[in-house]
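Quick note on numbering: numbering that gives the first Met the number 0 labels position 277 of the sequence shown as 276, and the sequence is numbered without any gaps. So the structure is just underneath, and the comments pick up after that.
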Amino acid sequence: MEIDKAIKECDDRRLKTKYNNAIYVIQRALALYSIEEVAFSFNGGKDSTVLLHLLRAGYYLHNKEQSLSNGGLADSPIRTIYFESPSAFPEINSFTHDMATTYGLEMEIITLDFKSGLEGLLKAKPIRAIFLGVRIGDPTAVGQEQFSPSSPGWPPFMRVNPILDWSYRDVWSFILTCKVKYCSLYDQGYTSIGSIYDTVPNELLCISHSSSSDGKFKPAYLLSDGRLERAGRVKKSAPSVGRTPVGKVIDGVDSDKNSMLTASVIAVGDEILSGSVGDDLGLLLCQKLHSIGWTVSHAAVVQNDIDSVAEEVERRKSANDMVFVFGGVGPLHSDVTSAGVAKAFGVRLAPDEEFEEYLRHLIGDHCTGDRNEMAQLPEGITELLHHEKLPVPLIKCQNVIMLTATNVPELEKEWFCLIELTRSNGLFTLMEPYVAKRLSTFLPDVETARPLSELCLKFPDLKIVCRRKSRSGPLIISFEGKDLARIESATEALCNKFHSGAFSEVK
Ligand SMILES: Cc1cc2nc3c(=O)[nH]c(=O)nc-3n(C[C@H](O)[C@H](O)[C@H](O)COP(=O)(O)O)c2cc1C
Ligand SMILES: Nc1ncnc2c1ncn2[C@@H]1O[C@H](COP(=O)(O)OP(=O)(O)OP(=O)(O)O)[C@@H](O)[C@H]1O
Ligand SMILES: [Mg+2]
């Protein structure tokens, strides 16, 4: 079974766990209900596409456990229901029908609304349980568990939600790891698909803006903050949304509070990995990026080894707006960063005369051999960033910036120069800075856990992070975002759930 094989062979432990749990839920349902009593609610969306393949795998494994032969399992015989509507995207419609043909799904097409359609279906068929691709974070998931009876007022059946605890990232990891087909709209910047009247591509994935409305978008799997997957679920006519440019700059500062730019920070340093020194520069870079309103999606430390650098840079450069790499820049045997970056872009290292000239000024003619090894830079993609305060320019390869700093004061200086270059040349966008409010409490976790989870769902635009300095000390809850009014509402909502004085603000 190719899905089961792909997951077993991958090295993503989180995905394996999510998969195993989902398969467990499916197998439980198949043990509780006969095959005639279950149905799969499929609409061609990414979540139901994941569920389609989990059901195929789950059905196969269920049969295997019971030593039942499963013929030529292209297919799961689980009855599939699709509520087809004239307001669905044609791409969704055709993908759903394509999948039904490919996997031999016995698909019931219902043209009524959900409730009336289900009432009719349940009268005609012995269905007792329906599999849904609902996930925590979906507005309809509130209060649901993996097995949840249908709501009062709905016909009676069990809603089975095998991927309830999957994140946006889990969904895409699964689709990409198993290399299964998905609806083409997700390659055009759509991250969650409703009807043609309320769905546009997700602005956070916009890569090019033109005055006409045909901006280009990155694929859905590149959305780094899954909490914003529904950012494209809006009224098409709404004036403040649609294809407004992300990262538009007004007086050097981006004014669009909803847009988000992400960066990754990569330290190249065996000495950090052996514990000889701390990653002070990584910490400082995260703080600097945060201060200009960027989101750091990932920070990594890799070995001084070309392949390790190349692998990390390759992965991060396509998933982020900018990548910062430091360490391993120079002429020594361990200075492999330039070579790693070149490999990540699939280009070779070549002598850069301009850079060589800078180095000659700096170190004279002391280099060994014909040319200075340090002046070899990724060919065809390198831009040197000059600033009068820097003895040698910073190196930019498309969206990857190599910093030469080796300590905190040097990094402070390089950062200062980068920001100055940004203000004059628009090197990258300065965003509205983050604001934060912190509350401290001695309430036990068991009391705060649920209200906090609810708050996260209610305020998906805020980062609500808990931290403690000691097990016995107070819990510090930080609310972070770009809109102080939203932060105030969230903290107020939390405080209102407890007795007065339960929280104090940490200044
Ligand atoms: C098979 C199926 C079962 C559903 N069961 C329920 C239910 O028990 N209770 C409920 O409030 N909504 C139920 N819904 C509706 C969904 O919660 C939700 O309203 C719908 O998926 C969102 O679509 P909309 O954005 O078009 O409203 C069900 C939908 C489907 C397809
Ligand atoms: N028109 C429909 N026909 C059948 N099932 C549906 C329909 N609309 C929603 N569902 C069920 O509800 C689940 C949740 O819908 P939702 O729109 O959140 O997810 P999705 O469509 O799979 O993915 P996306 O979030 O990208 O749109 C679906 O996975 C599917 O099981
Ligand atoms: Mg959908």
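All C-beta atoms, glycine included, are put in the ideal place defined by N, C-alpha and C. Remember, it's a predicted structure, so these values are computed and weren't measured experimentally.
- ILE6 is a Cβ neighbour of THR176, given a cutoff of 8 angstroms.
- When secondary structure is reduced to three states using DSSP, ASP169 falls in the helix class.
- Contact annotation: LYS17 and TRP171 have beta-carbon atoms that are not nearer than 8 angstroms.
- For GLY500, there are no CB contacts under 8 angstroms within the same chain when 5 residues up- and downstream are skipped.
- By the Cβ criterion, the stretch 32–47 is in contact with the stretch 82–98, since at least three pairs of Cβ atoms, one from each stretch, lie closer than 8 angstroms.
- Within a 10 Å sphere around the beta-carbon of SER469 sit fewer than 16 other beta-carbons, which makes this residue exposed.
- In the DSSP assignment, CYS465 forms a beta bridge with ILE476.
- The three-state reading of DSSP puts ASP334 in coil, since its state is none of H, G, I, E or B.
- Around SER477, the same chain offers ALA435, ARG437 and VAL464 as residues with beta carbons nearer than 6 angstroms, after the five sequence neighbours per side are excluded.
- The C-beta distance from LEU14 to ASP169 rounds to 6 angstroms, short enough to meet the 8 angstroms contact threshold.
- Those residues whose C-beta sits under 5 angstroms from the nearest heavy atom of ligand 1 are, from N- to C-terminal order along the chain, SER40, PHE113, ILE129, THR139, SER149, SER150 and TRP153.
- Contact between PHE323 and ILE400 is confirmed by a C-beta separation of about 5 angstroms, below the 8 angstroms threshold.
- For the pair ALA404 and MET321, the CB atoms are not nearer than the 8 angstroms cut-off.
- In the DSSP assignment, ALA38 falls within the unbroken beta strand (DSSP E) covering 37–40.
- Following the DSSP letters along the chain, one finds THR261 inside the beta strand (DSSP E) bounded by residues 261–267.
- Only buried fits ALA338, as 16 or more other CB atoms lie within 10 angstroms of its CB.
- By the beta-carbon neighbour count (other beta carbons within 10 angstroms, threshold 16), ALA123 is exposed.
- Closest by C-alpha distance to MET98, out of ASP112, ARG314 and TYR81, is TYR81.
- Cβ atoms of ALA128 and TYR32 come within 8 angstroms of each other, at about 5 angstroms.
- Contact check for SER191 and SER296: beta-carbon distance about 19 angstroms, past the 8 angstroms limit, so the pair fails to qualify.
- Apart from sequence neighbours up to five positions away, the residues of its chain that approach ILE271 with a beta-carbon distance below 6 angstroms are ASP278 and VAL300, ordered along the chain.
- Listed in chain order, the alpha helix (DSSP H) elements of length 4 or more contained wholly in the stretch 369–400 amount to none.
- For THR139, no beta strand (DSSP E) encloses it, and the DSSP letter there is neither H nor E.
- Residue nearest to TYR220 within the set PRO390, ALA318, TRP293 and PHE502 is ALA318 (criterion: CA-CA distance).
- From the listed residues LEU410, PRO330, LEU376 and GLY327, the smallest Cα separation to LEU348 is found for LEU376.
- In this structure, the straight-line span from the alpha carbon of HIS498 to that of GLY327 is close to 54 angstroms.
- The beta carbon of SER290 sits closer than 7 angstroms to the beta carbons of PRO432 from its chain, once the five residues preceding and following it are set aside; these are given in chain order.
- Looking only at VAL308, GLU356 and LYS316, the smallest Cα-Cα distance to SER333 is reached by VAL308.
- Distances from the CA of PHE354 to each of LEU331, PHE325, PRO392 and PHE415 were compared; the closest alpha carbon is that of PRO392.
- The alpha carbon of ILE162 has as its nearest neighbour, out of ILE135, THR79 and TYR185, the alpha carbon of ILE135.
- Per the coordinates, the alpha-carbon of GLU419 lies some 28 angstroms from the alpha-carbon of GLU311.
- When the beta-carbon positions are compared, LEU120 and TRP153 stay at least 8 angstroms from each other.
- Per DSSP, PHE354 is one residue of the alpha helix (DSSP H) stretching across 352–362.
- Take the alpha-carbon of LEU29 and the one of VAL49: they are about 18 angstroms apart.
- Its Cα nearest to that of ARG467, the residue VAL505 stands out among ALA489, VAL505, GLU487 and LYS481.
- A Cβ-Cβ distance of about 6 angstroms is found for the pair ILE34 and PRO76, placing them in contact under the 8 angstroms criterion.
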